[in-house]
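Contents: one structure, followed by commentary.
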Amino acid sequence: MNNFEFKNPTKIIFGKDTIEKVKEEIPQDAKVLLLFGGGSIKKNGIYDQVKTALAGVDVVEFGGIPANPEYATLMEALQVIKDENITYLLAVGGGSVIDGTKFLSAAAVYDGDTPWDILTKNIKTEKGMPFGTVLTLPATGSEMNSGAVITRAETQEKLAMGGPGLFPEFSILDPQVIQSIPQRQLANGLTDAFTHVLEQYMTYPIGALLQDRFAESILQTLVEVAPKVLKDPTDYKAAANFMWSCTMALNGLIQKGVPTDWAVHAIGHELTALFGIDHARTLAVIAPSHYKFNFEDKKEKLAQYGERVWNITEGSIDDKAYAAIEKTVDFFHQLGIDTKLSDYTKDYEGTAEKISQRFTDRGWTGLGEHQTLSPDKVEKIVKMAY
Numbered sequence: 001m002n003n004f005e006f007k008n009p010t011k012i013i014f015g016k017d018t019i020e021k022v023k024e025e026i027p028q029d030a031k032v033l034l035l036f037g038g039g040s041i042k043k044n045g046i047y048d049q050v051k052t053a054l055a056g057v058d059v060v061e062f063g064g065i066p067a068n069p070e071y072a073t074l075m076e077a078l079q080v081i082k083d084e085n086i087t088y089l090l091a092v093g094g095g096s097v098i099d100g101t102k103f104l105s106a107a108a109v110y111d112g113d114t115p116w117d118i119l120t121k122n123i124k125t126e127k128g129m130p131f132g133t134v135l136t137l138p139a140t141g142s143e144m145n146s147g148a149v150i151t152r153a154e155t156q157e158k159l160a161m162g163g164p165g166l167f168p169e170f171s172i173l174d175p176q177v178i179q180s181i182p183q184r185q186l187a188n189g190l191t192d193a194f195t196h197v198l199e200q201y202m203t204y205p206i207g208a209l210l211q212d213r214f215a216e217s218i219l220q221t222l223v224e225v226a227p228k229v230l231k232d233p234t235d236y237k238a239a240a241n242f243m244w245s246c247t248m249a250l251n252g253l254i255q256k257g258v259p260t261d262w263a264v265h266a267i268g269h270e271l272t273a274l275f276g277i278d279h280a281r282t283l284a285v286i287a288p289s290h291y292k293f294n295f296e297d298k299k300e301k302l303a304q305y306g307e308r309v310w311n312i313t314e315g316s317i318d319d320k321a322y323a324a325i326e327k328t329v330d331f332f333h334q335l336g337i338d339t340k341l342s343d344y345t346k347d348y349e350g351t352a353e354k355i356s357q358r359f360t361d362r363g364w365t366g367l368g369e370h371q372t373l374s375p376d377k378v379e380k381i382v383k384m385a386y
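The structure is reproduced here in structure tokens:
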């Protein structure tokens, strides 16, 4: 097992009717910017719950943060922060709203002229403007980590950022919120969380027995609750296990002491930037091809995953590993998630070359757990996913 350090300062407030506790977590003298997305929280009652809980608090609102948090929109919010002398941010939404809020937390204290530099120059935020979250869509784990991904439409880019100053101070997780989430987004959330675990697990054995079993337990739980969540989002037990699994999938715990991959995300982000495909669906497109292309490097863990998560007991290591990839594809299909780029766009020709060139231009010459996935190999993986 590798050496590691682990600190996660986010306070989790989990369970039924916990949104009312939001006021207890915000300083009394704070001037709060309430950030949310397209307005669904006003239809499902979450907005009213938050506003009731914040009665007496000085609150300014900013809505309209899109599904892939857009830089231009966030720059408008940044101006509100400055004009209104905001001191505290509250994200009410899913991963996109929370990621956008993290960017604002960093940008609000950034002393450079162009906040986009935070992403292009990989500037780590050591201390941002404080913020909390009310999670409305389980998926990304952003409610308990310090990373974010921001999109810029004008340049068709989707880039990551982070730093120890970007953990939420608190996150409220009420599983009842999933009752109003559309099936498509529930399927996305299940796929996103599942792939987050794979990115930290599907590498090579390093003797980290507990981390492996942490990861496998999250995967097993997602497989078990997925049909229940999709069939009946009012099933509180299934919803609670779904929500907590999504949070645990990317709060830093299961990646400590082990190699991690993240090439699937790096490539998937480009498909979202180029075609607007839902983030989770880009992961389902790339992951199977990625595992097949890198089969020799990953087959031991693939076989272990096949045995422990999918109960594949017959055959050699290679047989189990191949079967595990097919089981993963089947799982995505059962969720209603297509796994080929041509399922999403007719304009896929040339995509592999374009992504390869982008990675070359950025100096991304060695992705994956071995840092050996060069742009020419990325090109082959994307072509396999057509």
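The opening residue of the sequence shown carries number 1 in UniProt numbering; numbering runs sequentially from there. We put the CB at the ideal spot given by N, CA and C, even for glycine.
(request) Consult DSSP for Asp58 and reduce its assignment to one of helix, strand or coil. (result) strand
(message) Please report the straight-line C-alpha distance between Val109 and Lys124, rounded to a whole angstrom.
(response) 12 Å
(message) In the DSSP assignment, the beta strand (DSSP E) including Ser40 goes from what residue to what residue?
(response) Unbroken run through Ser40 is the alpha helix (DSSP H), Ser40 to Lys43; no beta strand (DSSP E).
(message) At the level of alpha carbons, what is the spacing between Gln185 and Ala226?
(response) 12 Å
(request) Below 8 Å CB to CB, which residues in the same chain sit around Lys299 once its five sequence neighbours on both sides are set aside? (result) Ile317, Asp318 and Ala321
(request) Return the CA-CA distance between Gln357 and Leu78, expressed in angstroms with no decimal places. (result) 32 Å
(request) Over the uninterrupted beta strand (DSSP E) stretch that includes Ala148, give me the two end residues. (result) Gly147 to Arg152
(request) Mind the definition here: the stretch 144–163 touches the stretch 65–75 only if three or more C-beta pairs lie below 8 Å; say whether that holds. (result) yes
(message) By alpha-carbon positions, which one of Gln49, Trp364 and Leu135 ends up nearest to Ile267?
(response) Trp364
(request) Could you pull out every residue in the same chain whose Cβ sits closer than 8 Å to the Cβ of Arg281, ignoring the five residues on either side in sequence? (result) Asn188, Thr191, Ile337, Asp338 and Tyr344
(message) To the nearest angstrom, how far is the alpha carbon of Val50 from that of Gly64?
(response) 17 Å
(message) As a quick exercise: from Leu271, Gly128 and Gly112, pick the residue whose alpha carbon is nearest that of Lys121.
(response) Gly112
(message) Run through the DSSP bridge pairs and tell me what Ser171 is partnered with.
(response) Ile12 and Thr133
(request) Could you tell me the boundaries of the alpha helix (DSSP H) in which Glu157 lies? (result) Segment Glu157 to Gly162 is the beta strand (DSSP E) holding Glu157; no alpha helix (DSSP H) there.
(request) State buried or exposed for Leu89, treating a residue as buried only when at least 16 other CB atoms are found within 10 Å of its CB. (result) buried
(message) Would you say the beta carbon of Lys158 is closer than 8 Å to some non-hydrogen atom of the ligand MN?
(response) Absence of the ligand MN from the depicted structure is noted, as is the absence of any ligand whatsoever, leaving it without description.
(message) Going by DSSP in three states, Gly93 sits in which element: helix, strand or coil?
(response) strand
(request) Would you mind working out which of Ala153, Met75, Leu104 and Ala53 sits nearest His269, comparing C-alpha positions? (result) Ala153
(message) Quick check: the Cα distance between Ser374 and Met248, rounded to an integer number of angstroms?
(response) 30 Å
(request) Could you spell out where the beta strand (DSSP E) holding Val32 opens and where it closes? (result) Lys31 to Leu35
(message) Could you check whether the stretch 203–212 touches the stretch 41–56, counting it as contact only if at least three pairs of C-beta atoms, one from each stretch, sit closer than 8 Å?
(response) no
(message) For Met144 and Val134, I'd like the C-alpha separation in whole angstroms.
(response) 11 Å
(request) Out of Ile86, Asn3 and Ala72, state which residue places its alpha-carbon closest to the alpha-carbon of Glu61. (result) Ile86
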